[in-house]
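Participant:
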Amino acid sequence: MDPRLQRRVQRYGWDRAATAYDQAWSRQLRPSQDLLLELADLDEGEEVVEVACGSGLVTQRIASLVGPSGKVVATDLSGRMLDQARNLLAESGADHVTFRRLDAESLELPDAAFDASLCSLGLMYVPDPPVALREMGRVLRPGGRTVVGVWGERGACGWAEVFPIVDARVNTAVCPLFFQLGTGDNLARRMEEAGFRNLEVERITTVIEYDSPEEAVEAAFVAGPVAMAYSRFDEDTRAQLHQEYLASIAPYAEADGFRVPGEFVLARGEWTSSSGVRK
Ligand SMILES: C[S@@+](CC[C@H](N)C(=O)[O-])C[C@H]1O[C@@H](n2cnc3c(N)ncnc32)[C@H](O)[C@@H]1O
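Just so you know, we're using my numbering here: the sequence shown kicks off at 255 and counts up by one.
#1: Express the C-alpha separation of Asp-488 and Ala-386 in angstroms, rounding to a whole number.
#2: Kindly list the residues whose CB is nearer than 7 Å to the CB of Ser-485, restricted to its own chain and excluding five residues on each side of it in sequence; keep chain order.
#3: Rounded to whole angstroms, what's the CA-CA distance from Arg-284 to Asn-425? Just pull it up for me.
#4: Cβ of Glu-517 within 8 Å of Cβ of Cys-411?
#5: Leaving out the 5 sequence neighbours to the left and right, which residues in its chain are closer than 8 Å to Glu-359 when beta-carbon positions are compared?
#6: Starting from the C-beta of Glu-536, find all residues in its chain whose C-beta is less than 7 Å away, skip the five residues before and the five after it, and write them out in chain order.
#7: Hey, out of His-496, Gly-403 and Pro-322, whose CA is closest to Ser-466's CA?
#8: Measuring only the C-alpha atoms, how far is Val-514 from Ser-528?
#9: Work out the CA separation of Asp-369 and Gly-333 for me, nearest whole Å.
#10: Which residues share a DSSP beta bridge with Arg-457?
#11: To which residues of the same chain is Cys-307 closer than 7 Å at the C-beta, ignoring the five residues directly before and after it?
#12: Can you list, in chain order, the residues of its chain with a C-beta nearer than 6 Å to that of Tyr-266? Leave out the 5 residues immediately preceding and following it.
#13: Buried or exposed: where does Lys-533 fall if 16 or more other Cβ atoms within 10 Å of its Cβ makes it buried?
#14: Based on Cα-Cα distance, which residue from Gly-511, Arg-408 and Gln-260 lies nearest to Pro-479?
#15: Under 8 Å, do Leu-296 and Leu-311 count as touching if we go by C-beta distance?
#16: Buried or exposed, going by whether 16 or more other CB atoms sit within 10 Å of the CB of Gln-277?
#17: Check whether the Cβ atoms of Val-393 and Leu-290 lie closer than 8 Å to each other.
#18: Which residue marks the beginning of the alpha helix (DSSP H) containing Trp-279, and which one marks its end?
#19: Give a yes or no on whether the C-beta atoms belonging to Val-404 and Leu-431 are separated by under 8 Å.
#20: Can you tell me which of the three DSSP states Arg-492 falls into?
#21: In whole angstroms, what is the alpha-carbon distance linking Tyr-499 and Ala-493?
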């Protein structure tokens with residue numbers, strides 16, 4: 255897929271998903287976000303850049319961990335997601351957080367200016383993740399750390415059929431390499447190649463709970479990465495998509511909804527004084 259097209263699909267797709275995102279996903283993503291923050295081990299007064307901050311669910315927690323003596327720069331490609339995040343943070347009066355609409359592959363921020371760079375469930379959508387990882391390292395002071403969380407292996411994510419179901423009706427894959435980083439040791443390898451050292455990796459299983467078919471359909475099509483493609487389908491096509499998707503998660507149906515298995519992979523790496531030096 256042409257990287258420029260992928261960025262446009264992501265930017266405007268997440269714009270569309272922005273207002274539905276928290277309701278559909280905040281509970282489901284919490285285990286990954288908790289582990290990301292545990293691995294980041296942030297201290298009061300630290301300066302943090304967050305990549306692909308989305309609606310601010312993690313930003314809010316980073317802001318409270320570093321406190322007003324710290325600094326948070328929250329970045330995302332989608333302007334509407336950033337609006338959501340701004341609104342969320344405004345409620346807690348966090349003056350030490352600033353928001354920038356930036357592509358993960360091109361963080362227009364100074365070198366060696368932050369203690370930590372974090373990215374929760376955003377790197378799968380970036381056309382060239384190694385470029386984004388190098389950017390996340392470049393902005394760190396020596397000794398700083400990066401923590402990244404991604405979805406795990408395709409076979410471990412019971413909702414994965416959403417992509418082929420949509421891709422069958424559009425010209426190019428919506429998220430061509432979605433499961434690549436979460437497969438095997440790919441995430442750690444990409445981080446090592448980008449220059450990170452002292453890597454720590456955790457793979458955790460999770461359960462995505464939907465109380466009804468409507469809730470499952472809303473999360474998959476309206477509040478997530480295929481929102482752009484979905485918005486362009488007519489009513490009949492949408493009804494077919496719903497039917498196919500619900501059939502794909504039928505093995506996980508229970509009396510009161512669905513319990514769909516999922517997997518997350520999280521990795522932490524340190525940026526040392528020799529990290530940016532090409533061998
Ligand atoms: C699943 S959301 C994750 C949001 C948040 N980090 C969280 O954990 O709830 C994915 C986010 O990645 C952002 N994104 C997609 N492609 C991006 C890119 N190339 N650069 C920066 N952000 C991007 C989207 O706009 C969206 O807000």
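C-beta atoms are modelled at their ideal positions from N, C-alpha and C, and glycine is treated no differently.
Facilitator: The answer reads as follows:
#1: 35 Å
#2: Arg-270
#3: 33 Å
#4: yes
#5: Val-380, Pro-381, Asp-382, Val-385, Ala-386 and Glu-389
#6: Here the chain comprises residues numbered 255 to 533, so residue 536 is not present and cannot be evaluated.
#7: His-496
#8: 43 Å
#9: 25 Å
#10: Val-519
#11: Thr-313, Ala-328, Thr-329, Asp-330 and Ala-339
#12: Met-482
#13: Below a pLDDT of 50, predicted positions are generally treated as unreliable, and Lys-533, at 46, falls in that range; the measurement from the model is reported next regardless. Burial call: exposed.
#14: Gln-260
#15: no
#16: exposed
#17: no
#18: 257-294
#19: no
#20: helix
#21: 10 Å
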